[in-house]
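Report on one structure; see the data block that follows.
In the working numbering, the protein residues as written are 353 to 713.
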């Protein structure tokens with residue numbers, strides 16, 4: 353049995369009994385029923401994740417930033433040079449990125465995982481090497497990776513989740529870094545949702561109108577050259593899913609999918625970041641449908657494909673701030689909301705315990 357097989361076998365549906373208990377408890381707290389809106393749903397979801405009511409607080413919390421490069425960069429889909437990926441890994445390690453600032457604000461640890469950066473990185477604390485290859489191949493000319501590479505990257509994500517949970521973390525946040533990775537994200541989202549590439553492709557780190565149209569055309573060509581076309585069947589079954597991931601995904605997409613699966617197997621919630629995480633979550637859910645129940649959508653990215661992915665997964669984003677940075681920034685901003693939702697379950701009195709009259713029925 354492979355690590356992927358063992359991990360998928362360990363993923364159970366979120367616990368319906370704990371969720372029912374949590375919903376009942378929410379209705380007995382000293383507030384009007386439903387008055388906390390989506391936060392009540394978050395608390396109920398986390399009870400199902402932990403199979404406990406109230407659920408444990410989602411802390412300590414750990415951010416994992418998976419970094420990789422993309423061969424499709426050669427098609428001119430990003431205005432940023434490819435070496436920025438490696439440079440940003442160094443920036444994360446030095447504590448100088450936005451993700452570092454947000455992580456410090458919420459008390460999250462930061463681990464950077466090299467799963468496919470296109471150059472050798474200087475070993476430094478906080479950066480873990482699980483490099484599969486020096487970037488993917490150009491997905492617009494053929495498969496981005498082999499199935500074996502896709503499995504290796506998935507395993508890297510699973511192991512990262514396992515390491516962070518073993519270290520005592522009780523909430524995981526997905527992060528990414530990879531120049532041109534929104535192009536691969538658009539291809540994955542289009543393929544796994546059946547949506548037209550134009551509705552799944554955004555401007556990424558900032559492209560003009562001409563480059564944006566070119567980017568859509570590159571996504572269309574990637575799907576066609578890999579045998580999927582524009583109206584192909586959504587991949588189902590492990591072999592089909594792995595082939596699709598290998599065809600048009602990135603090493604960081606595969607690793608984040610594994611990270612989600614690893615969190616779900618450990619019954620630990622995973623707060624998703626933006627469009628790269630959304631694309632990866634589609635892959636994780638295709639491999640293990642119950643894994644989606646362990647995910648919380650931290651935010652909705654400005655990238656249109658992210659909304660498509662979240663709708664397909666049935667996840668409602670907690671914040672919408674028009675972010676499009678990646679790195680895990682949206683997930684980090686959402687963590688205090690997730691914590692507050694759970695804190696209510698622990699600290700707020702019930703009508704009975706507080707001696708407060710309930711609403712007359």
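Where a beta carbon is used, it is the ideal one built from N, C-alpha and C, also for glycine.
query: Tell me the start and end of each unbroken beta strand (DSSP E) in the stretch 367-426 that is at least 3 residues and wholly inside, in chain order.; result: 413-420
query: Thinking C-beta only, is residue 418 closer than 8 Å to residue 458?; result: no
query: Using alpha carbons as the reference points, say which of 552, 680 and 524 lies closest to residue 619.; result: 524
query: Near residue 392, which residues of its chain fall below 7 Å by C-beta distance, leaving aside the five closest residues on each side in sequence?; result: 378 and 386
query: Can you tell me the Cβ-Cβ gap for residue 567 and residue 559, rounded? I've got them flagged as a contact below 8 Å.; result: 6 Å
query: Of the residues 492, 491, 512 and 489, which one's Cα is nearest the Cα of residue 480?; result: 512
query: Answer yes or no: do residue 461 and residue 683 have a C-beta to C-beta separation smaller than 8 Å?; result: no
query: Is DSSP giving residue 601 helix, strand or coil here?; result: coil
query: In chain order, what residues of the same chain lie with their CB nearer than 8 Å to the CB of residue 670, ignoring the 5 residues before and after it?; result: 390, 394, 648, 649, 650, 651, 686, 689 and 690
query: Tell me, please, which residues DSSP counts as bridged to residue 526.; result: 416
query: Can you tell me whether residue 606 is helix, strand or coil according to DSSP?; result: helix
query: Could you give the C-beta distance for residue 678 and residue 642, rounded to a whole number, given that I count them as a contact under 8 Å?; result: The pair is not a contact, with the Cβ atoms about 27 Å apart (cut-off 8 Å).
query: State yes or no: is the beta carbon of residue 492 nearer than 8 Å to at least one beta carbon in chain E?; result: Looking at the structure shown, chain E is missing, and only one protein chain is on hand.
query: Could you tell me how far apart the beta carbons of residue 531 and residue 631 are, in whole angstroms, since I believe they sit closer than 8 Å?; result: Between residue 631 and residue 531 the Cβ distance is about 16 Å, and since that is not below 8 Å, they are no contact.
query: Taking Cβ positions, are residue 464 and residue 445 nearer each other than 8 Å?; result: yes
query: Buried or exposed: where does residue 565 fall if 16 or more other Cβ atoms within 10 Å of its Cβ makes it buried?; result: exposed
query: Can you list, in chain order, the residues of its chain whose CB lies under 6 Å from that of residue 583, leaving out five sequence neighbours each side?; result: Note on residue 583: pLDDT 49, under 50, position unreliable in the model; no value is reported.
query: According to DSSP, simplified to helix, strand and coil, what is residue 458?; result: helix
query: Using the DSSP secondary-structure output, state which residues sit across from residue 481 in a beta bridge.; result: 466
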